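Working notes, beginning with the structure itself.
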Amino acid sequence: MSAVDCATGRDADAVLLGFARALRAGGLDASTERVHAFLRAVAVLRPGVRGDVYWAGRSTLCGSREDLERYDTVFTAYFVDTGGAPDGRTPAATTAPRPRLVVRDAPRTTAPGSEPHAAPIGALASSAEVLRHRDIAELDAAGRDRLRRLLAAFALRGPTRRTARRRPARRGEVDRRRTVRDLLRHGGEPAPLRHRARAERPRRVVLLVDVSGSMAPYADALLRFAHASARSGRTEVFTLATRLTRVTRELARRDPDLAMAAVAAAVPDWSGGTRLGELLREFLDRWGQRGTARGAVVVLLSDGWERGDPELLGRQMRRLHRLAHRVIWANPRKARPGYAPLAAGMAAALPSVDAFVAGHSPAALERLAAVVRGANDA
Amino acid sequence: MEGPEQVRNRLEKTGYLVDDGLAAACFLALGLHRPLFCEGDAGVGKTALAAALAEALDAPLIRLQCHEGIDASQALYDWDFPRQLLHLRAAEAAGITDADRLEGELYDRRFLIARPLLRALQTLPSVLLVDEIDRADDEFEAFLLELLSEFAVTIPELGTVRAEVPPVVVLTSNRTREVHDALKRRCLYHWFDHPSFARELAIVRRRLPRVSARLAEQVTALVQALRAEDLVKPPGVAETIDWAEALDALGASEVDADLAVATLGSVLKYREDTERARGLDLAAVLAAHGA
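Residue numbers (this note's numbering), protein chains in the order written: chain A, 1 to 378; chain B, 1001 to 1291.
Dropping the structure here:
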């Protein structure tokens, strides 16, 4: 380990703060609290030793495995390439973060004056009825905008399951603890028995949204659907294209437009090709197997257009089916006249799918929400 | 302790081998009184770290296993209602009617059942292991967050219990669920990777001194080769140790491809993985480490 010259002469804290700034530019959440911990950590270790600064930062400024890679990149750029960056400038290499894309689609609701449909509710309701059955891909900008408001009304709740937890109830087994507490309160006089029963909880819902090229006309609407349904708190959302991205956190923002912008920034591969099988495997390895898909209702929103090996997709679908409570596949192309699940990926996946529904219009998405709740998919 | 090196030496004395990063993280956890948040695949030694720290510091290990629906009465404290009731009955039989005094007696420390978190605050020094935090609910996480930043709890009937010196806290997560940022922010983060061949071999040798050097080396080489394959559940260090132990129990001092396949059950836990491993040329891996 070699001594970094930063700690000797110049103000060491300024250099470390510059490093924190570079990390923030590189996409890490280097909040004030974390940076404070970082400075304290460096102070208890040896501030002049690069290895110690590295480990101090790694354990205080990182919060997940994904952060580690970015941290390493920025650390190398900041301390190794510039030899300590004594002037505290952010190296150029770190200011080029992940590729960012803006939300494709029509202009956002920015200018209220230009909105002809900022109109009475009655007019909206009648047009909503027409809109409900329109194919999302065929909508114009104004139509999509109305669609967004429609979608915002959805909430996706999984079917309930019994938990290990018990709650006070009117019938069920005797709740000894509460009964005794009641007795105590009355000084040992008899009191009515208290009961408790197993609580019910909605199952987790996992949405896997295909945002690849072939799904481009639907991606925005489906993500807005995901946003509306993710508000219940027990929903996880992932996007699939060339890579798997977890967007649950981005979608947690209340405002749909802000959430969409956050998703657009987080997803590196809008409109790429699909390798459903590989991504599904990645999902199962990283998340599904460990618990996210266990006992959950998993919804795939995709056209099943697989570029990779359909056999792999079939295998992963079987794995998913064994883990999940129910697997639902929503395919926007299903509603097209003369559609048959001929795409190799779709054909390989279908045997492991509990419900195969359309997902091309708001009405179809409403139907999907009902199927997720446990309605019969017939 | 003076530095990461000393922490490392103490831990290695207990039989737990650490690298630079983990030594620094443990040292910081001790020095800054911050909880250490350990993430990584199952079987890479997250829980074992807490046990090793407890042994190295000569402090009791207090373990809280998280599960879905865990709440404060299971994690923090509870009142012993049956005993309180008994006390009331006894008082009644003895003819004591002073209600205020009785009430005061009821909420005495002797009727308090300290659960792991309260026990950790009261025990000095201690190592608190909050195992598999990802299995608990969000509500519990928020509760834990409060406790870990203050290291104090308020019991309405008794007052505030505060730890004079905060306990060493180790949290582990298998990443079945993303733990909230607010909790992570208050912790030091350490990601556990699978160890390199040399380190893993050293761990196996340290853990199983009875096993022959050759067997340990062969098993480690096989597990490292399996880990490089595309498996549903790559084996952790715990599985390596299990495998070596199983082979040793069979009386083997070295392993060939047939014996390895016959005992695959102690290292691979999925049928797909076993099928895949059967198709591999294990003999070649062994030959490479045959010298």
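Think of the CB as a built atom: it goes at the ideal place given N, C-alpha and C, for glycine as much as any other residue. Here the structure is a predicted model, which means the values were calculated and not measured.
Going by C-alpha distance, which of B:Leu1183, B:Tyr1189, B:Ala1198, B:Asp1108 is nearest glycine 1159 of chain B?
Walking along the second sequence from the start, residue 1159 of chain B turns up at place 159. Checked all of B:Leu1183, B:Tyr1189, B:Ala1198, B:Asp1108; the closest Cα to glycine 1159 of chain B is B:Asp1108.
Along the chain, where does the alpha helix (DSSP H) containing cysteine 1187 of chain B start, and where does it finish?
Position 187 of the second sequence, counting from 1, holds the residue named residue 1187 of chain B. Note, cysteine 1187 of chain B: premise wrong, no alpha helix (DSSP H); not H, not E.
Which residue spans inside the region 1171–1232 of chain B form an unbroken beta strand (DSSP E) run of at least 3?
1188–1192
Within-8 Å CB hit, leucine 68 of chain A to chain B:
The count along the first sequence starts at 1 and reaches residue 68 of chain A at position 68. Yes - at least one Cβ of chain B is within 8 Å of the one on leucine 68 of chain A.
Is it true that the region 1276–1284 of chain B meets the region 1251–1264 of chain B, where meeting means three or more beta-carbon pairs spaced less than 8 Å apart?
yes
Close-in-space but distant-in-sequence residues of the same chain around arginine 194 of chain A (CB under 8 Å, 5 per side omitted):
As a working mapping, residue 194 of chain A is identified with position 194 in the first sequence. Hits under 8 Å: Pro168, Val174, Asp175, Arg178, Thr179, Asp182.
If you follow the alpha helix (DSSP H) that glutamine 316 of chain A is in, where does it begin and where does it stop?
Translated into the one-based positions of the first sequence, residue 316 of chain A becomes position 316. From DSSP, the alpha helix (DSSP H) with glutamine 316 of chain A extends over 310–323.
With a threshold of 8 Å, are at least 3 pairs of Cβ atoms found where one atom belongs to the region 1136–1155 of chain B and the other to the region 1085–1104 of chain B?
no
Output needed in chain order: residues of the region 1179–1199 of chain B with a Cβ under 7 Å from some Cβ in chain A.
Asp1181, Lys1184, Arg1185, Leu1188, Tyr1189, His1190, Trp1191
On the criterion of 16 or more Cβ atoms from any shown chain inside 10 Å, does glutamate 1164 of chain B qualify as buried, or is it exposed?
For the purposes of this step, residue 1164 of chain B is taken as residue 164 along the second sequence, with counting starting at 1. Exposed.
My understanding is that leucine 1064 of chain B touches valine 1161 of chain B, with C-beta atoms under 8 Å, so please give their C-beta distance in whole angstroms.
Within the second sequence, residue 1064 of chain B is the residue found at index 64, counting from 1. Within the second sequence, residue 1161 of chain B is the residue found at index 161, counting from 1. Actually they are not in contact, since the Cβ atoms of leucine 1064 of chain B and valine 1161 of chain B sit about 16 Å apart, beyond 8 Å.
Which same chain residues, not among the five before or five after arginine 98 of chain A, have their C-beta less than 7 Å away from its C-beta?
The sequence position of residue 98 of chain A within the first sequence is 98, counting from 1. With a pLDDT of only 40 at arginine 98 of chain A, under 50, the local geometry of the prediction cannot be trusted, and no value is derived from it.
Endpoints, the beta strand (DSSP E) within which isoleucine 1155 of chain B is located:
Along the second sequence, read from residue 1 onward, the residue named residue 1155 of chain B stands at position 155. Here the beta strand (DSSP E) through isoleucine 1155 of chain B covers 1152–1155.
Chain B within 8 Å of arginine 21 of chain A, Cβ atoms only:
Position 21 of the first sequence, counted from the start, is the residue given in the question as residue 21 of chain A. No - not a single Cβ of chain B is within 8 Å of the one on arginine 21 of chain A.
Find the nearest neighbour of histidine 1194 of chain B within the set B:Leu1057, B:Ala1238, B:Ala1120, B:Arg1210, judged by alpha-carbon distance.
For the purposes of this step, residue 1194 of chain B is taken as the residue at position 194 of the second sequence. The alpha carbon of histidine 1194 of chain B has as its nearest neighbour, out of B:Leu1057, B:Ala1238, B:Ala1120, B:Arg1210, the alpha carbon of B:Ala1238.
Nearest by alpha-carbon distance to phenylalanine 1197 of chain B: which of B:Ala1221, B:Arg1177, B:Arg1185, B:Leu1183 is it?
Locating residue 1197 of chain B in the second sequence gives position 197, where the first residue counts as 1. It is B:Ala1221 whose Cα lies nearest to the Cα of phenylalanine 1197 of chain B.
Quick one: residues in its chain with C-beta nearer than 7 Å to the C-beta of alanine 1277 of chain B, no 5 flanking neighbours on either side, listed in chain order?
Within the second sequence, the letter at position 277 stands for residue 1277 of chain B. Contacts found: Leu1226, Leu1264, Leu1268.
Less than 8 Å separating the beta-carbons of proline 1060 of chain B and serine 1126 of chain B?
Residue mapping note: residue 1060 of chain B aligns to position 60 of the second sequence, counting from 1. Residue mapping note: residue 1126 of chain B aligns to position 126 of the second sequence, counting from 1. Their beta carbons are under 8 Å apart, which means proline 1060 of chain B touches serine 1126 of chain B by this criterion.
Ends of the beta strand (DSSP E) at isoleucine 289 of chain A?
Reading the first sequence from its first residue, position 289 is the one you call residue 289 of chain A. Before going further, note that residue 289 of chain A is glutamine rather than isoleucine in the sequence given. Run containing glutamine 289 of chain A: none; DSSP gives neither H nor E here.
With 8 Å set as the bound, which would you pick, yes or no: does the beta-carbon of alanine 125 of chain A sit closer than that to a beta-carbon of chain B?
As a first step, residue 125 of chain A must be located in the first sequence, where it is residue number 125. Bear in mind that a pLDDT of 39 at alanine 125 of chain A, under 50, signals an unreliable position, so the model cannot answer this.
Which residues mark the beginning and the end of the beta strand (DSSP E) in which isoleucine 328 of chain A is found?
For the purposes of this step, residue 328 of chain A is taken as residue 328 along the first sequence, with counting starting at 1. Unbroken beta strand (DSSP E) run through isoleucine 328 of chain A: 326–331.
Reducing DSSP to helix, strand and coil, say where proline 1125 of chain B ends up.
In the second sequence, the residue the question calls residue 1125 of chain B occupies position 125. DSSP places proline 1125 of chain B in coil when its eight states are reduced to three.
Going by DSSP in three states, tyrosine 1077 of chain B sits in which element: helix, strand or coil?
If you number the second sequence from 1, residue 1077 of chain B lands on position 77. Here tyrosine 1077 of chain B sits in strand by DSSP.
Quick test of your reading: phenylalanine 1140 of chain B and aspartate 1071 of chain B, contact by CB under 8 Å. State the CB separation rounded to the nearest angstrom.
Working through the second sequence from its first residue, we reach residue 1140 of chain B at position 140. Working through the second sequence from its first residue, we reach residue 1071 of chain B at position 71. 7 Å between Cβ atoms; contact.
Measure how close the beta-carbons of glutamate 278 of chain A and leucine 312 of chain A come, nearest whole angstrom, since I'm counting them as under 8 Å.
In the first sequence, residue 278 of chain A corresponds to position 278, counting from 1. In the first sequence, residue 312 of chain A corresponds to position 312, counting from 1. Glutamate 278 of chain A to leucine 312 of chain A, Cβ: 7 Å. Contact.
DSSP state of threonine 239 of chain A, grouped into three classes?
For this step, residue 239 of chain A is matched to residue 239 along the first sequence. Strand, per DSSP.
Against chain A, with Cβ distances strictly below 8 Å, would glycine 1095 of chain B count as a contact?
Within the second sequence, the letter at position 95 stands for residue 1095 of chain B. No, glycine 1095 of chain B does not count as interfacial toward chain A.
Any beta carbon from chain B within less than 8 Å of leucine 45 of chain A's own beta carbon?
If you number the first sequence from 1, residue 45 of chain A lands on position 45. Yes, its Cβ sits closer than 8 Å to a Cβ of chain B.
Compute the distance between the beta-carbons of glutamate 236 of chain A and threonine 292 of chain A, then report whether it is under 8 Å.
Position 236 of the first sequence, counted from the start, is the residue given in the question as residue 236 of chain A. Position 292 of the first sequence, counted from the start, is the residue given in the question as residue 292 of chain A. In terms of Cβ geometry, glutamate 236 of chain A and threonine 292 of chain A form a close pair [threshold 8 Å].
Beta-carbon separation of alanine 1056 of chain B and leucine 1117 of chain B under 8 Å?
Numbered from its first residue, the second sequence carries residue 1056 of chain B at position 56. Numbered from its first residue, the second sequence carries residue 1117 of chain B at position 117. The answer is no: Cβ separation not under 8 Å.
Leucine 1208 of chain B at chain A interface by Cβ criterion, 8 Å:
Numbered from 1 along the second sequence, position 208 holds the residue referred to as residue 1208 of chain B. Leucine 1208 of chain B does not count as touching chain A.
For alanine 1120 of chain B versus proline 1167 of chain B, is the C-beta distance shorter than 8 Å?
Your numbering for residue 1120 of chain B matches position 120 in the second sequence. Your numbering for residue 1167 of chain B matches position 167 in the second sequence. Yes, these two residues count as a Cβ contact at 8 Å.
Euclidean distance between Cα positions of valine 1044 of chain B and valine 1018 of chain B:
Translated into the one-based positions of the second sequence, residue 1044 of chain B becomes position 44. Translated into the one-based positions of the second sequence, residue 1018 of chain B becomes position 18. In this structure, the CA atom of valine 1044 of chain B is about 12 Å from the CA atom of valine 1018 of chain B.
Assigned exposure category for isoleucine 1133 of chain B - 16 Cβ within 10 Å defines buried
As a first step, residue 1133 of chain B is located in the second sequence; it is residue number 133 there, counting from the start. By the neighbour-count rule (16 or more Cβ atoms within 10 Å), isoleucine 1133 of chain B is buried.
So which of A:Asp67, A:Gly304, A:Pro159, A:Glu33 has the shortest CA-CA distance to arginine 1185 of chain B?
In the second sequence, the residue the question calls residue 1185 of chain B occupies position 185. For arginine 1185 of chain B, the nearest C-alpha among the options comes from A:Glu33.
The region 1228–1240 of chain B: positions lying closer than 8 Å to chain A by Cβ
Val1232, Lys1233
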